[in-house]
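In the working numbering, the protein residues as written are 108 to 258.
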């Protein structure tokens, strides 16, 4: 199971998510009746996100953040979900918090840059992508995003 939290662009092919839908149903069945732990909620958030259920994914990520507020990956997931849903202000807030907690995470910087690109704040996006590349020079999505801003 992939836990990749790199932001994806809008227009996801839902037919390709049939396997993810089955995996999500199985995961819910296995965890039914068990206490809500942040890691379990995080997995459920990723699965809901992959199935295009952004409201559910945001609620699950919000619970993760409430349970473990100092875990940057939960804030990053919340930011990713909010960005995909078009909730720009919330996405920026969540990603800024992820960066505050872990300023050396290239994915958080990339995610924030992606949000700034979507809302036409090019200079802020450029700065974020540059930070991502500085932290991980081989991170192709950030390099490509930075190059696309230069063209």
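Backbone N, C-alpha and C define an ideal beta-carbon position, used for all residues, glycine too.
Proximity below 9 Å, CB of residue i to CB of residue j
i	j	result
residue 189	residue 217	no
residue 168	residue 201	yes
residue 145	residue 175	yes
residue 98	residue 197	The displayed coordinates of the chain run from 108 to 258. Any statement about residue 98 would go beyond what the structure contains.
residue 152	residue 163	yes
residue 215	residue 243	no
Residue i, enclosing alpha helix (DSSP H) - first and last residue
i	result
residue 186	179-192
residue 220	213-225
residue 244	Note, residue 244: premise wrong, no alpha helix (DSSP H); not H, not E.
residue 201	195-208
Nearest candidate by alpha-carbon position, reference residue i, set the options
i	options	result
residue 222	243, 166, 173 and 185	185
residue 195	241, 154, 170 and 219	219
residue 191	155, 247 and 242	155
residue 233	199, 256, 251 and 247	256
Integer Cβ distance of residue i from residue j, believed to fall under 8 Å
i	j	result
residue 179	residue 209	4 Å
Extract the residue ranges of the alpha helix (DSSP H) inside the segment 155-179, only unbroken runs of 4 or more that lie entirely within it. 161-174
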